[in-house]
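Enquirer: Residues in the sequence shown are numbered consecutively from 1, following the UniProt record's numbering.
What follows is a structure written as structure tokens; I'll ask about it next.
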Amino acid sequence: METRTVMQREREEQSSKMSQSMQLSSQIQKKTFTSSDEDASYSDFYPIIPADLMSVKELLDMDNLPRHRTWESLKETLAANKGYRRDEWTMFGNEAEKVELDVIRNQRVLRKRVDTMALRKQAQNKASAHLRYLERLSQRAPDFAVPLRAHTVWEGMTVTLSCIVQGCPPPKVTWFKDGWPLRMSDQPWNYSLQQKFGVNSLEIRRCSPDDAGKYKVVAKSPLGEAMTFGTLVVNSYQGAVAGSESSKTRMKYENAAQFGSTFPPTWVREAESFTLQCTFTSALLPSLQDATWFRDGIQLHPSNTVDIKTADDNASITFKAAHKELEGVYTIQLRTCDEVQEHSAFVYIEDASAAVQGGPASPLAVQVSDVNKDYVFLTWQPPSADGASPVEGYYVERCVVGEGEWVHCNVNIQKMCYYPVSGLKEGTLYQFRVRAVNQAGAGRPSKATEPVLTADPLQHTRTTVVKVDRGRTITVTKDELEGEVKAPLPPTNVHACEVSDTYVVLSWSEPEPRGKEPLTFYVERSLAGKSSWEMASLEMEVNSPRFPVFDLIQGQQYLFRVRSINRHGVSEPSEPSAPVSLGTQEAVPAAPHSVMAVRDTDTSVLLQWKEPEEKDDVLGYYLYCSERGKRDWKTINNKPVTKNRFTVHGLKNRQEYVFRVKSVSRAGNSSYSDESPPILVKAAISVPSAPSAIALLLCTGSEMVLGWRAPARHGGDPVLEYYLDQREKGGKTWREVNVKPAKKRQFKVCNLTSGDFYQFRVFAANMAGVGKPSESSEAFLCEKWTMPEPGCPYDAEVREVSAGSLVLLWAAPLYQGQGPVTGYFLEISEGDRSDNWTTLNEKPITDTHYKVSGLQEGHTYRLRVAAVNQAGVGPASLPTEPVTAHTTVCVLLIGVYSVPLEPF
1 METRTVMQRE REEQSSKMSQ SMQLSSQIQK KTFTSSDEDA SYSDFYPIIP
51 ADLMSVKELL DMDNLPRHRT WESLKETLAA NKGYRRDEWT MFGNEAEKVE
101 LDVIRNQRVL RKRVDTMALR KQAQNKASAH LRYLERLSQR APDFAVPLRA
151 HTVWEGMTVT LSCIVQGCPP PKVTWFKDGW PLRMSDQPWN YSLQQKFGVN
201 SLEIRRCSPD DAGKYKVVAK SPLGEAMTFG TLVVNSYQGA VAGSESSKTR
251 MKYENAAQFG STFPPTWVRE AESFTLQCTF TSALLPSLQD ATWFRDGIQL
301 HPSNTVDIKT ADDNASITFK AAHKELEGVY TIQLRTCDEV QEHSAFVYIE
351 DASAAVQGGP ASPLAVQVSD VNKDYVFLTW QPPSADGASP VEGYYVERCV
401 VGEGEWVHCN VNIQKMCYYP VSGLKEGTLY QFRVRAVNQA GAGRPSKATE
451 PVLTADPLQH TRTTVVKVDR GRTITVTKDE LEGEVKAPLP PTNVHACEVS
501 DTYVVLSWSE PEPRGKEPLT FYVERSLAGK SSWEMASLEM EVNSPRFPVF
551 DLIQGQQYLF RVRSINRHGV SEPSEPSAPV SLGTQEAVPA APHSVMAVRD
601 TDTSVLLQWK EPEEKDDVLG YYLYCSERGK RDWKTINNKP VTKNRFTVHG
651 LKNRQEYVFR VKSVSRAGNS SYSDESPPIL VKAAISVPSA PSAIALLLCT
701 GSEMVLGWRA PARHGGDPVL EYYLDQREKG GKTWREVNVK PAKKRQFKVC
751 NLTSGDFYQF RVFAANMAGV GKPSESSEAF LCEKWTMPEP GCPYDAEVRE
801 VSAGSLVLLW AAPLYQGQGP VTGYFLEISE GDRSDNWTTL NEKPITDTHY
851 KVSGLQEGHT YRLRVAAVNQ AGVGPASLPT EPVTAHTTVC VLLIGVYSVP
901 LEPF
């Protein structure tokens with residue numbers, strides 16, 4: 001009994017301890033992976049400590065339990081290990097708490113790492129998407145900002161053909177010569193191709209006649225392609241001997257005609273006649289050479305308004321009356337047995353005087369389409385100039401050919417640039433024209449269309465020609481095969497073929513069979529959902545399967561049906577059309593944007609802009625320019641430009657201009673774009689001007705050392721090299737001196753004959769090509785210098801020009817005389833051409849520089865230098881270019897062969 005009581009108590013204690021342990025365990029929060037916005041808390045964590053040992057200990061301490069001999073030994077063992085067990089369980093509890101805290105800490109670290117990786121990946125995705133967006137935003141088709149230019153060089157010279165290409169992604173550039181790809185591997189010693197920062201350059205070393213030809217550069221990218229052309233002409237000598245009077249220059253194609261004088265960009269007032277003309281270097285050979293004219297790539301032929309003449313060494317084309325449709329790029333193509341040469345220039349057609357003060361300009365490009373027996377459809381383009389007020393609409397006029405009377409086709413002005421004309425007579429020749437209208441009244445009419453004959457467009461389908469023997473034919477009409485039809489059948493397929501905001505054009509098919517009798521039609525209409533029908537063509541006879549309906553109400557839906565009529569009666573009505581309603585008014589297109597002008601020549605710029613996003617209905621663009629600050633806008637083109645770039649000619653050199661652009665559509669012109677940034681009109685790059693002031697610095701009897709003054713204008717690119725020609729005094733033929741270009745402004749001419757007189761001229765060259773030659777030098781005697789005095793100094797520079805002083809620098813003379821140079825004398829003259837020279841220094845100065853003081857601000861001076869040795873004073877240098885004393889920051893090259901460095 002006691003045993004059962006003890007066992008029962010033991011079970012109760014164990015149950016109580018287990019319940020307490022479970023309760024303690026339930027208070028512990030089991031942490032899992034938390035999100036980044038959850039924070040871990042450590043205040044609710046407790047270690048789990050089992051309590052089994054306590055129940056066993058109580059059992060052993062009970063005195064009323066029966067004893068066994070093993071109980072005593074077990075009790076002693078427990079007493080001995082009591083302290084150890086307590087320490088062991090305490091240590092276990094502390095370690096468990098540490099482990100759980102470490103697990104929670106690692107969870108937080110892991111969660112933080114996961115969140116960091118996720119944020120980093122998200123940031124990388126956003127950055128990649130933004131980069132892709134920027135790349136798409138910056139994409140544009142290839143375009144040549146600076147095209148290739150023509151070059152003319154001497155045989156043996158080095159020439160560089162250059163162009164600047166733009167585009168994103170960067171386009172692939174390919175060079176062609178006379179239509180064939182140019183491979184650098186064929187002649188690596190002669191050709192050198194470089195591409196850097198968008199500048200593509202082809203260097204041809206030691207040019208020969210075989211290098212002459214037409215070079216083309218093609219830039220391709222996934223967005224499109226662009227190309228530019230440039231012609232290289234190589235002059236060569238044949239049988240030339242130094243000093244020979246029989247030496248001569250010839251072109252690569254000696255017997256072929258070349259262009260002589262050509263026509264420049266031309267401006268013609270509307271309705272006036274104009275002629276384009278060019279000459280050739282020799283008469284054209286019959287059957288071997290021919291001149292052909294083109295406008296915008298379309299060949300032109302003689303007509304009653306165009307006269308084309310080609311005679312001997314000239315060609316011309318004459319237009320009896322200028323119209324806006326004639327504006328464009330005119331090209332004459334000279335075809336010879338060896339090559340094809342071209343010259344192009346733009347012809348601008350200016351507006352004639354307004355019909356009324358403040359009235360609009362004339363529309364253009366009136367086109368006739370969908371010609372029927374009594375119906376045609378007209379389209380046109382709006383004018384570039386609105387006049388004193390915006391264009392409100394248009395009047396369409398018609399004229400029967402031969403009568404000369406123009407009649408209005410529409411009572412109310414038509415706002416859109418298209419109109420259906422009905423009520424015409426079958427088999428009659430008509431001409432059409434359009435006038436723009438604003439508040440001031442109707443403007444000048446457009447050019448009249450070509451005569452249009454109103455006829456059945458399906459007549460050819462009703463006629464069959466049958467060939468019989470001996471070349472005879474029999475014509476069979478469908479009307480004869482169908483026989484006589486009494487009551488006509490109703491038309492079919494009634495539908496709206498043209499819908500606008502003011503009218504609807506109905507179209508249908510004639511009944512089959514139609515019969516011999518002439519057929520006309522009645523058009524009926526009804527509101528959708530109504531059963532009553534009314535006549536829509538009450539006031540006119542409809543002869544064609546086309547009919548415009550004007551008196552419709554916006555927002556209402558209509559049904560239409562048609563009846564056929566012949567002399568036997570009226571047909572049943574056709575099946576009704578689908579519901580038809582007026583359309584919405586077309587909106588004018590958005591204006592272009594990002595208008596930018598790029599320098600081209602001294603009188604032209606290249607204008608570029610970005611098209612509007614919605615450009616499906618855009619017909620082209622009108623351009624306008626104004627001098628900066630004047631707000632006097634002038635129309636550049638009167639025929640819409642279809643591309644987003646245009647070269648504007650006829651500008652004033654060194655004048656600043658701003659530009660703006662309009663989009664053109666059938667709905668009218670857009671608003672103006674934003675103004676372009678101002679641009680100063682001057683050449684982007686051109687050949688340098690001619691050098692000057694050739695001087696003899698030294699002569700040894702068979703050699704001469706020459707020096708010269710740099711070009712006044714470098715053409716927008718530094719002068720890289722010089723070429724010299726020579727001839728004997730009195731001779732007419734120039735002979736090339738140096739094949740390898742001279743890099744400095746002095747050159748030693750060898751193999752001369754002592755006792756002869758020689759003249760020289762110099763060419764300067766830059767990246768654009770070789771410029772014009774200098775004036776001929778004076779005749780220099782080739783005789784060894786033995787004079788005791790030194791020669792003239794050279795290579796002088798004026799620096800630090802101020803209101804009262806300047807600094808003059810120079811180089812020592814090449815010829816020293818009998819003794820070394822001991823000093824220099826400086827002379828000054830006031831004025832541009834005065835010969836009154838005053839010595840600046842009483843004693844010779846030993847330096848090759850000198851500060852000239854005591855100048856008067858605003859006065860102009862010239863200077864020269866003479867060298868001194870023990871034998872005396874040598875000849876003075878040539879006078880410098882005039883220098884004005886004023887405070888500025890500049891460097892002017894002067895002296896024997898120096899000039900002011902003018903800004904390009």
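Think of the CB as a built atom: it goes at the ideal place given N, C-alpha and C, for glycine as much as any other residue.
These numbers were taken from a predicted model, which means no experiment stands behind them.
What would DSSP say about aspartate 290, mapped onto helix, strand or coil?
Expert: Here residue 290 is taken as the residue at index 290 of the sequence shown, counted from 1. The answer is strand: DSSP assigns aspartate 290 an E or B state.
Enquirer: Only counting the same chain, and skipping five residues up and downstream in sequence, which positions put a Cβ closer than 7 Å to that of serine 316?
Expert: Within the sequence shown, numbered from 1, the residue matching residue 316 stands at position 316. The answer, listed in chain order, is Thr275, Leu276, Gln277, Lys309.
Enquirer: Give the single residue among Gly650, His849, Glu800 whose Cα lies nearest to the Cα of alanine 812.
Expert: The count along the sequence shown starts at 1 and reaches residue 812 at position 812. If we check each option's Cα against that of alanine 812, His849 comes out closest.
Enquirer: Taking Cβ positions, are serine 663 and valine 618 nearer each other than 7 Å?
Expert: Translated into the one-based positions of the sequence shown, residue 663 becomes position 663. Translated into the one-based positions of the sequence shown, residue 618 becomes position 618. Yes. Within cutoff.
Enquirer: Nearest to valine 434 by CA position, among Glu426, Gly427, Arg444, Thr231, is which residue?
Expert: In the sequence shown, residue 434 corresponds to position 434, counting from 1. For the residues Glu426, Gly427, Arg444, Thr231, the minimum Cα distance to valine 434 belongs to Arg444.
Enquirer: Are the region 659-677 and the region 580-594 touching by the rule of at least three beta carbon pairs closer than 8 Å?
Expert: yes
Enquirer: Tyrosine 759 to glutamate 778, Cα distance in whole Å?
Expert: By one-based count along the sequence shown, residue 759 stands at place 759. By one-based count along the sequence shown, residue 778 stands at place 778. Before going further, note that residue 759 is glutamine rather than tyrosine in the sequence given. Computed Cα separation, rounded: 6 Å.
Enquirer: Does the distance from the C-beta atom of alanine 436 to that of valine 391 stay below 7 Å?
Expert: Position 436 of the sequence shown, counted from the first residue, corresponds to residue 436. Position 391 of the sequence shown, counted from the first residue, corresponds to residue 391. Yes.
Enquirer: Hey, how far is the Cα of proline 579 from the Cα of serine 446?
Expert: Here residue 579 corresponds to residue number 579 of the sequence shown, with the count starting at 1. Here residue 446 corresponds to residue number 446 of the sequence shown, with the count starting at 1. Answer to the nearest angstrom: the Cα atoms are 37 Å apart.
Enquirer: I need the straight-line Cα distance from lysine 30 to arginine 108, nearest angstrom please.
Expert: The residue given as residue 30 occupies position 30 in the sequence shown. The residue given as residue 108 occupies position 108 in the sequence shown. Residue placement at lysine 30 is poorly supported in this model, since its pLDDT is 42, which falls under 50; the coordinates still yield a value, given next. Cα-Cα distance, rounded: 14 Å.
Enquirer: In chain order, what residues of the same chain have a beta carbon less than 8 Å from the beta carbon of lysine 634, not counting five sequence neighbours either side?
Expert: In the sequence shown, counting from the first residue as 1, residue 634 sits at position 634. So the qualifying residues of the chain are Tyr624, Cys625, Ser626.
Enquirer: Using the Cβ count rule (16 or more neighbours within 10 Å means buried), how would you classify glutamine 554?
Expert: Counting from one through the sequence shown, the residue named residue 554 turns up at place 554. Exposed, by the Cβ-count rule.
Enquirer: Can you tell me whether threonine 454 is buried or exposed? The criterion is at least 16 other CB atoms within 10 Å of its CB, across all chains shown.
Expert: Your numbering for residue 454 matches position 454 in the sequence shown. Buried, since its Cβ has 16 or more Cβ neighbours within 10 Å.
Enquirer: Taking 8 Å as the threshold, find out whether the region 792-800 comes into contact with the region 765-784 through three or more Cβ pairs.
Expert: Verdict: no, contact absent.
Enquirer: Let me check one thing: in DSSP terms, what residues is leucine 696 bridge-paired to?
Expert: Counted from its first residue, the sequence shown places residue 696 at position 696. Leu706.
Enquirer: By DSSP, does arginine 713 sit in helix, in strand, or in coil?
Expert: For the purposes of this step, residue 713 is taken as residue 713 along the sequence shown, with counting starting at 1. DSSP places arginine 713 in coil when its eight states are reduced to three.
Enquirer: With distance defined between alpha-carbon atoms, name the residue in Gly230, Arg205, Leu378 nearest to valine 217.
Expert: For the purposes of this step, residue 217 is identified with residue 217 of the sequence shown, where counting begins at 1. The option with the nearest alpha carbon to valine 217 is Gly230.
Enquirer: Would you mind working out which of Leu527, Asp832, Phe825, Thr860 sits nearest lysine 843, comparing C-alpha positions?
Expert: Here residue 843 refers to the residue found at position 843 of the sequence shown. The shortest C-alpha separation from lysine 843 is found at Phe825.
Enquirer: Which first and last residues belong to the beta strand (DSSP E) in which leucine 202 is found?
Expert: As a first step, residue 202 must be located in the sequence shown, where it is residue number 202. That run of the beta strand (DSSP E) goes 199-204.
Enquirer: Label valine 499 either buried or exposed according to how many other C-beta atoms from any shown protein chain fall within 10 Å of its C-beta, with 16 as the threshold for buried.
Expert: Stepping through the sequence shown from its first residue, residue 499 is reached at position 499. Its Cβ having fewer than 16 others within 10 Å, valine 499 is exposed.
Enquirer: Tell me which same chain residues have a C-beta within less than 6 Å of the C-beta of serine 344, skipping the five on either side of it?
Expert: Within the sequence shown, residue 344 is the residue found at index 344, counting from 1. The answer, listed in chain order, is Val329, Thr331.
Enquirer: Would the beta-carbon of phenylalanine 144 fall within 7 Å of that of cysteine 163?
Expert: Position 144 of the sequence shown, counted from the start, is the residue given in the question as residue 144. Position 163 of the sequence shown, counted from the start, is the residue given in the question as residue 163. Taking 7 Å as the Cβ cut-off, phenylalanine 144 and cysteine 163 qualify as a contacting pair.
Enquirer: Any heavy atom of the ligand FMN closer than 6 Å to the CB of leucine 806?
Expert: What this structure holds is no ligand at all, so the ligand FMN is not there to describe.
Enquirer: Report buried or exposed for threonine 473, applying the criterion of at least 16 other Cβ atoms within 10 angstroms of its Cβ.
Expert: As a working note, residue 473 is residue 473 in the sequence shown. By the neighbour-count rule (16 or more Cβ atoms within 10 Å), threonine 473 is not buried but exposed.
Enquirer: Put methionine 117 into one of helix, strand or coil per three-state DSSP.
Expert: Numbered from its first residue, the sequence shown carries residue 117 at position 117. Helix, per DSSP.
Enquirer: What residue from Ala528, Lys530, Arg546 has the CA that sits closest to proline 491's CA?
Expert: Your numbering for residue 491 matches position 491 in the sequence shown. Closest by alpha carbon: Arg546.
Enquirer: So within the UniProt domain "Fibronectin type-III" (362-457), which uninterrupted beta strand (DSSP E) runs reach at least 3 residues, ignoring any that extend past its ends?
Expert: 364-369, 375-381, 393-400, 418-422, 429-438, 441-445
Enquirer: Less than 7 Å between the C-beta atoms of alanine 710 and serine 774, yes or no?
Expert: On the sequence shown, residue 710 is found 710 positions in, with the first residue counted as 1. On the sequence shown, residue 774 is found 774 positions in, with the first residue counted as 1. Cβ distance not < 7 Å, so alanine 710 and serine 774 don't count as in contact.
Enquirer: Based on the DSSP output, what are the partners of phenylalanine 263 in its beta bridges?
Expert: By 1-based counting over the sequence shown, the position of residue 263 is 263. In DSSP, phenylalanine 263 forms no bridge with anything.
Enquirer: To the nearest angstrom, how far is the alpha carbon of alanine 388 from that of arginine 631?
Expert: Against the sequence shown, residue 388 aligns to sequence position 388. Against the sequence shown, residue 631 aligns to sequence position 631. Going from the Cα of alanine 388 to the Cα of arginine 631 covers about 15 Å.
Enquirer: Taking cysteine 168 as part of the beta strand (DSSP E), name the residues at either end of that continuous run.
Expert: For this step, residue 168 is matched to residue 168 along the sequence shown. First-last of the beta strand (DSSP E) with cysteine 168: 159-168.
Enquirer: Tell whether a beta-carbon distance below 7 Å holds between threonine 428 and valine 347.
Expert: What you label residue 428 is simply residue 428 of the sequence shown in a count that begins at 1. What you label residue 347 is simply residue 347 of the sequence shown in a count that begins at 1. Contact: no.
Enquirer: Going straight from the alpha carbon of threonine 292 to that of glutamate 327, what length do you get?
Expert: As a working note, residue 292 is residue 292 in the sequence shown. As a working note, residue 327 is residue 327 in the sequence shown. Answer to the nearest angstrom: the Cα atoms are 18 Å apart.
Enquirer: Relative to the C-alpha of lysine 530, which residue among Asn638, Glu703, Pro576, Phe521 is closest?
Expert: Taking the first residue of the sequence shown as 1, we reach residue 530 at position 530. When each option's Cα is compared against that of lysine 530, the closest is Pro576.
Enquirer: On a CA-only basis, which of Arg864, Tyr815, Pro820, Gly823 is nearest threonine 838? Give me that one, please.
Expert: For the purposes of this step, residue 838 is identified with residue 838 of the sequence shown, where counting begins at 1. Nearest of Arg864, Tyr815, Pro820, Gly823 to threonine 838, Cα basis: Arg864.
Enquirer: Within 10 angstroms of its Cβ, does threonine 461 collect 16 or more other Cβ (buried), or is it exposed?
Expert: Within the sequence shown, numbered from 1, the residue matching residue 461 stands at position 461. In the assembly as shown, threonine 461 is an exposed residue. Its beta-carbon has fewer than 16 other beta-carbons within 10 Å.
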